[in-house]
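Residue numbers (the numbering used here): 9 to 487. Ideal Cβ positions, reconstructed from N, Cα and C, are used throughout, including at glycine.
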Ligand SMILES: C[S@@+](CC[C@H](N)C(=O)[O-])C[C@H]1O[C@@H](n2cnc3c(N)ncnc32)[C@H](O)[C@@H]1O
C-alpha cells in the first residue's frame, strides 16, 4: 500500500459522502453548534479527507454541517484502502486529537496491525521501525495501559454474555472516568474466576457433621429445628451499598443503595438470629461505614437504632482498629481505619467470661492471620485493650492458594482477621458451646470456633463460599 497521497482538492455535494465505519458519528452537541456557526459565517473550512469511493476518513461533522446548510464540501482525496488499513489511515490524520481510552486502544491495535507487530515481535527489526515508533509515541500510553484495555476488551463479552449494550455501557463508564481501568480489570478478573468456579463446583455443597454444619441457605429462613439453640452468633453482614457484588443471584442482599433500605433488609436476619439464640447468649456484629456520593452513610448508627427497636440490648461497643487500612479517595477526609463490634444480648443476664484470657492454658496455640504459622493464643491479649481491638487487616492469600490447589478459586475478599471472632467467642462461650455465623462467607468465624473447641454452624447462599469454607475447615469435617 502506498503512503497517504493527497491531491486534487475539489468541492463536492456533501450528500454524496458516507462515513467509514471507523469514523466516530457520535458528535458533542456544543461542538457541533459551534462548528455550524463558523461554517455558516463563511469561515475557511478545513477539507474533508475521503477515499475516491467517497468514504469519509476524516471530517464527518464538517460534512454533516455542509449537508445541513446545503453547501458543497471541500474535499481532499486519499487512496481507497482495504478494511485493515482503513482505520490506520484515518488515525494518521487524527493521532494528536484527544482520545478516550477505547478509541486510543483501537488506534494502538490498528498501528500494530499495519506494522505487523504481534506479541513478542522485535519491533527493531521491522522495515519501518522509525515510523512505527513515531506513531506509538504520538499516540501515548504505555504497555501496561494497553494490556489492561486489551484484557477488558477481550473479557467483557465473556462476563456480560455477549450483550452488546451491556458491554458498551461498561466501556463507556471507563471512558467517562466513572470506573478506573485498574478497577475494571480487577472486577472482570474476579468475574472470570466466578464463571470458572461455576463449572468446577457442584450446585449444592452443603455439609453437615456433628461438629461443623455449613448450610447453603438463606439465613433469614433458618430454624431452631436446624440449628438447635446456639450460644453465640458472630457475624459481619454485607453492607456496602452496591460496592460489593457477592454474586448471590437469587437473594441479592448487600446491594441496597441507601442506609434505610439496608437497615430494613437487615431486620429479618436479626429476627431469625433472635429466634435461634439462647436467652443468655450473645450476638456480635462487626459493621463499618462507607462513603457514598460524598458523605458517610452512618450504617453502624442506623443499624444500632434498628436493633434497639427490635428489642436487642446493646451491651458493649468495641472499636476494631485496623493498623493498615485501605486508603480511600478523595483525600478530603481521614482514612477510615476502624469498624464497630457491637455486642448485643437478649437479656441483661448473659454468659460473659471476663477471665477468658486467664483460662487459656499458656501452651494453647492458634493460627492467626490465615497462615499456618502458630502463635500462643495468649498473644491475643496484646491486641485487646479496653474497648479497642487493634489488628492488621485480613489476608485471603493463604486460603486462595489452598483453593487453587483444589481446582477452584476463592473469590471472596471481605473477611475479617481471626482475632475478631476469637475474642468474641472466648468472651461469651464455653468449650463445647455452639457458635453461629449467619453470613459465613469463607468461615473465619468457623475457624476461630473450632480451633478453641466450640461447635460451628454457618449459613451462606453462595455455593462458592461454602466450598471455600469447607477447605478452611477441612480438618474438622471428618468426624
Ligand atoms: C461480609 S461477608 C462475610 C465474610 C465472613 N465473615 C468471612 O469470614 O468470610 C457477607 C456474606 O453474606 C453472605 N450472604 C448474603 N446474603 C445472605 C443470605 N441471605 N443468607 C446467608 N448469607 C448471605 C454473602 O454471600 C457473603 O458471603
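Item to check | DSSP-derived helix/strand/coil call for residue 364 | outcome: Coil at residue 364, not helix or strand.
Checklist entry - Can you list the beta strand (DSSP E) stretches of 3 or more residues lying completely in the region 202-229, in chain order? => result Within the region 202-229, the complete beta strand (DSSP E) runs of at least 3 residues fall at 220-224.
Item to check | Cβ-heavy atom distance, residue 295 to ligand 1, below 7 Å | outcome: No, since every heavy atom of ligand 1 falls outside the 7 Å radius drawn around the Cβ of residue 295.
Next on the checklist: For residue 470, count the other beta carbons within 10 Å of its own beta carbon; 16 or more makes it buried, fewer makes it exposed. Which is it?
Outcome noted: Residue 470 comes out buried.
Checklist entry - Of the choices 230, 334, 362, whose alpha-carbon is the least far from that of residue 403? => result Taking only the C-alpha atoms, the option nearest residue 403 is 334.
Item to check | Given 8 Å, three or more beta-carbon pairs between the region 276-296 and the region 223-237 | outcome: Because the criterion of three Cβ pairs below 8 Å is met, the region 276-296 and the region 223-237 touch.
Item to check | residue 298 beta carbon near ligand 1 (any heavy atom closer than 7 Å) | outcome: With a cutoff of 7 Å, residue 298 does not count as near ligand 1, since its C-beta is closer than that to no heavy atom of the ligand.
Checklist entry - In three-state DSSP terms, what is residue 80? => result Looking at residue 80 - three-state DSSP - the assignment turns out to be coil, as it is neither helix nor strand.
Item to check | Validate contact between the region 427-447 and the region 183-191 using beta carbons, cut 8 Å, 3 pairs | outcome: Touching, no, given that fewer than three Cβ pairs across the two stretches are closer than 8 Å.
Checklist entry - Is DSSP giving residue 97 helix, strand or coil here? => result Helix at residue 97.
Checklist entry - Say the cut is 7 Å; is the CB of residue 337 nearer than that to a heavy atom of ligand 1? => result Checking the Cβ of residue 337 against ligand 1 gives no.
Item to check | residue 323 in three-state terms, based on DSSP | outcome: Taken through DSSP and simplified to helix, strand or coil, residue 323 comes out as strand.
Next on the checklist: For residue 324 and residue 306, what's the separation of their Cα atoms in angstroms?
Outcome noted: Going by the C-alpha atoms only, they are around 18 Å apart.
Item to check | Cβ-heavy atom distance, residue 307 to ligand 1, below 7 Å | outcome: It does not: the Cβ of residue 307 is nowhere closer than 7 Å to a heavy atom of ligand 1.
Checklist entry - So the beta strand (DSSP E) residue 183 belongs to, where does it begin and stop? => result From DSSP, residue 183 is part of no beta strand (DSSP E) but of the alpha helix (DSSP H) over 172-183.
Checklist entry - Which term fits residue 34, buried or exposed, when burial requires 16 or more other beta carbons within 10 angstroms of its beta carbon? => result Classification for residue 34: exposed.
Item to check | Assigned secondary structure, residue 169 (DSSP; H/G/I helix, E/B strand, else coil) | outcome: When secondary structure is reduced to three states using DSSP, residue 169 falls in the coil class, being assigned neither helix nor strand.
Next on the checklist: With the cut-off set at 8 Å, would you say residue 459 and residue 209 are in Cβ contact?
Outcome noted: No. Outside cutoff.
Next on the checklist: Per the DSSP calculation, residue 86 is bridged to which residue(s)?
Outcome noted: DSSP output for residue 86 lists 59 as bridge partner(s).
Checklist entry - From which residue to which residue does the alpha helix (DSSP H) around residue 148 run? => result Element bounds for residue 148: n/a, residue is neither H nor E.
Next on the checklist: Given this structure, state the Cα-to-Cα distance separating residue 359 from residue 415, to the nearest angstrom.
Outcome noted: C-alpha of residue 359 to C-alpha of residue 415: approximately 42 Å in a straight line.
Next on the checklist: Only counting the same chain, and skipping five residues up and downstream in sequence, which positions put a Cβ closer than 7 Å to that of residue 104?
Outcome noted: These residues qualify, in order along the chain: 146.
Item to check | Beta-carbon proximity check, residue 397 vs residue 350, cutoff 8 Å | outcome: Not in contact: residue 397 and residue 350 (Cβ atoms no closer than 8 Å).
Checklist entry - According to the neighbour-count rule (16 or more other Cβ atoms, all chains shown, within 10 Å of its Cβ), is residue 367 buried or exposed? => result Classification of residue 367: exposed, given that the 10 Å Cβ count is below 16.
Checklist entry - Hey, is the region 200-215 in contact with the region 261-281, meaning 3+ C-beta pairs nearer than 8 Å? => result Proximity of the region 200-215 to the region 261-281 falls short of the contact definition, fewer than three beta-carbon pairs being nearer than 8 Å.
Item to check | Which of helix, strand or coil DSSP assigns to residue 252 | outcome: With a pLDDT of 49 at residue 252, under the threshold of 50, the modelled position of this residue cannot be trusted; read the value that follows with caution. Residue 252: coil per DSSP, three-state reduction.
Checklist entry - Would the region 110-130 and the region 150-161 be scored as touching if the rule is three or more Cβ pairs under 8 Å? => result Three or more beta-carbon pairs separated by less than 8 Å link the region 110-130 to the region 150-161, which places the two stretches in contact.
Item to check | CB contact flag (residue 278, residue 315, <8 Å) | outcome: Going by beta carbons, residue 278 and residue 315 fall inside the 8 Å limit.
Next on the checklist: What residue range does the alpha helix (DSSP H) around residue 25 cover?
Outcome noted: From DSSP, residue 25 is part of no alpha helix (DSSP H); its letter is neither H nor E.
Item to check | Proximity test, residue 148 beta-carbon vs ligand 1 heavy atom, cut-off 7 Å | outcome: Not one heavy atom of ligand 1 lies closer than 7 Å to the C-beta of residue 148.
Checklist entry - How many Å lie between residue 173 and residue 179 at the Cα? => result So the alpha carbons of these two residues sit roughly 10 Å apart.
Next on the checklist: Is any non-hydrogen atom of ligand 1 found closer than 7 Å to the C-beta of residue 467, if you look at the structure I gave you?
Outcome noted: Yes.
Next on the checklist: Taking the alpha-carbon of residue 24 as reference, which of 82, 45, 48 has the nearest alpha-carbon?
Outcome noted: For residue 24, the nearest C-alpha among the options comes from 82.
Next on the checklist: Is the separation between the beta-carbon of residue 241 and that of residue 446 shorter than 8 Å?
Outcome noted: It is a contact, given that the beta carbons lie within the stated cut-off.
Next on the checklist: Does residue 404 come out as helix, strand or coil in the three-state DSSP assignment?
Outcome noted: Here residue 404 sits in coil by DSSP.
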